[in-house]
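Residue numbers (this note's numbering): 4 to 471. We put the CB at the ideal spot given by N, CA and C, even for glycine. Everything below concerns the one structure shown next.
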Ligand code: SF4
């Protein structure tokens, strides 16, 4: 199996200046809106801390809350199923669909179902699944994965969508007005909604106390999937639980503000039982989550509420897009989640990080992504001998970083190289960084030398020799 090379795939995206600039601008705007709404709430940091504590508490008592949730959901008339992995998940849903003669399904956005390859699996069994989320449907029509957890087609220009709709839906290629494009999609989907046999959605929160589920969307795609057909199937990762109904407003306040800088998602829908005449099934998915929970260093990753704020702020993600991760989960949370699904395939992802730490600062539930990046790098180095470059870098770095004296010597060697290597080599194809940057003139001395000469107080100047 080939390894995902995010750097190479990112290069492809960066080649188009229009895409790169639009993507960066849109996501940075979401990040700035998030900052503005966070700053307008004096208790924002207390909210983050409380949400983190609630998630840690729930995960620490997950057996209890899962049983409580299941008992309440079943008492409400929901059929609850347990899936250990993606295969079981898909088989359970196929069985439900077969027993109801389902042929056409409308589906709200669900990363968990994407994780199971559910749509592709159903296609092989002759069941047509149509995405009801606009961005997700665009990606489905384009045979491409979502590029962002909450904005699945954010890497596409309007002209890309116009071109796609012209090819797939017969619209006018030259009109890229969003209202027109929306109307084209609406007309196509309305026909399909009238034919559906079943609806599907993901779950944002399961409430143990009530056995109800909550789904948050901005387009009502879960609502149409849950309310229109006589059969409704939802999938929930087992970490999505919160203990009480009264805990929910905290998470609702944090979710949309963190994701898009909006006060609330347009639709926050609560499903406690099937509506009259309807059958409702809920699949609770493990798929590696129990194993993650048992890891002393890694288990806080399960706090994630999939808001996407870490993506909007990440400088690597904003420049290279979610497509370049070639994975279900992308961006900062993706680079620490995907290796837990397939360590070999995603071994390079934890290196797609500048260590700016911004993801950890914006996360509404304080998932310690920066620490988890280091966690995965050490796992990769221990288990993956084929990452020659990274392993060589780490092996070389070890003696240099071992002592301040060695680091000071390495700095001097680096500066000498910068000053003496001819520009024809320094700015050649051997150094891709130079393609888009002007190299500044190297200074006469290293920062450490400058600091010791100019800034350091006289009283401290008797520092051991190797640190000078
Ligand atoms: S890690 Fe935090 S910021 Fe990133 S998607 Fe999850 S909850 Fe949101």
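If you draw a straight line from the alpha carbon of residue 325 to that of residue 143, how long is it in whole angstroms? Counting from 1 along the chain shown, the entry for residue 325 is found at position 322. Counting from 1 along the chain shown, the entry for residue 143 is found at position 140. One C-alpha to the other measures close to 15 Å.
CB-CB under 6 Å to residue 92, same chain, minus the five flanking residues each way: which ones, in chain order? As a working note, residue 92 is residue 89 in the chain shown. Cβ neighbours of residue 92 beyond the five flanking positions: 86, 119, 286 and 288.
Taking only three categories from DSSP, how would you classify residue 46? In the chain shown, the residue the question calls residue 46 occupies position 43. If DSSP states are grouped into helix, strand and coil, residue 46 belongs with coil.
Other residues of its chain near residue 247: CB distance less than 8 Å, five sequence neighbours each side excluded: Looking up residue 247 in the chain shown gives position 244. Here the set comprises 210, 211 and 212.
Smallest Cα separation from residue 9: which of 415, 348 and 391? Walking along the chain shown from the start, residue 9 turns up at place 6. That would be 348, whose Cα lies nearest to the Cα of residue 9.
Quick one: what does DSSP say residue 459 is sitting in, helix, strand or coil? To locate residue 459, count along the chain shown from 1; it is residue 456. Residue 459 sits in coil when the DSSP states are folded into three classes, being neither helix nor strand.
Just to confirm, is the Cβ distance from residue 445 to residue 410 under 8 Å? Within the chain shown, the letter at position 442 stands for residue 445. Within the chain shown, the letter at position 407 stands for residue 410. Not a contact, by the Cβ cut-off of 8 Å.
Going by DSSP in three states, residue 115 sits in which element: helix, strand or coil? Here residue 115 corresponds to residue number 112 of the chain shown, with the count starting at 1. Three-state result, residue 115: helix.
Under 8 Å by Cβ, that's how I've got residue 232 and residue 202 pegged, so tell me the actual separation to the nearest angstrom. As a working note, residue 232 is residue 229 in the chain shown. As a working note, residue 202 is residue 199 in the chain shown. Rounded, the Cβ-Cβ distance is 4 Å, consistent with contact.
Residue range of the alpha helix (DSSP H) that includes residue 375: As a first step, residue 375 must be located in the chain shown, where it is residue number 372. Start and end: 372-386.
With respect to 7 Å, is the separation between the Cβ of residue 308 and the closest non-hydrogen atom of the ligand SF4 below this value? Here residue 308 corresponds to residue number 305 of the chain shown, with the count starting at 1. Residue 308: yes, Cβ under 7 Å from the ligand SF4.
With C-beta atoms as the reference, is residue 237 less than 8 Å away from residue 215? Translated into the one-based positions of the chain shown, residue 237 becomes position 234. Translated into the one-based positions of the chain shown, residue 215 becomes position 212. Not a contact, by the Cβ cut-off of 8 Å.
Would you kindly work out how many angstroms separate the C-alpha atoms of residue 195 and residue 131, rounded to a whole number? Taking the chain shown and counting its residues from 1, one reaches residue 195 at position 192. Taking the chain shown and counting its residues from 1, one reaches residue 131 at position 128. When rounded, the distance between both Cα atoms is 10 Å.
Using a Cβ-Cβ cutoff of less than 6 Å, which residues in the same chain neighbour residue 471 once the five nearest sequence positions on both sides are dropped? Reading the chain shown from its first residue, position 468 is the one you call residue 471. Because the pLDDT at residue 471 is just 40, under 50, the model does not fix this residue reliably, and the value given afterwards should be weighed accordingly. Scanning its chain for C-beta atoms nearer than 6 Å, with the 5 sequence neighbours on each side dropped, one finds around residue 471 the residues 455, in chain order.
Examine the ligand SF4 and report whether any of its heavy atoms sits within less than 7 Å of the Cβ of residue 335. Here residue 335 is taken as the residue at index 332 of the chain shown, counted from 1. Residue 335: yes, Cβ under 7 Å from the ligand SF4.
Return yes when the C-beta of residue 261 is under 7 Å from any heavy atom of the ligand SF4, and no when it is not. Taking the chain shown and counting its residues from 1, the one referred to as residue 261 is at position 258. When distances are taken from the beta-carbon of residue 261 to the heavy atoms of the ligand SF4, the shortest one is below 7 Å.
Does DSSP classify residue 99 as helix, strand or coil? In the chain shown, the residue the question calls residue 99 occupies position 96. It is helical.
Quick check on the DSSP output: what are the complete beta strand (DSSP E) runs of length 3 or more inside the stretch 25-89, in order along the chain? Within the stretch 25-89, the complete beta strand (DSSP E) runs of at least 3 residues are 82-86.
Does the distance between the C-beta of residue 342 and the nearest non-hydrogen atom of the ligand SF4 fall short of 7 Å? Taking the chain shown and counting its residues from 1, one reaches residue 342 at position 339. No, the Cβ of residue 342 stays beyond 7 Å of every heavy atom of the ligand SF4.
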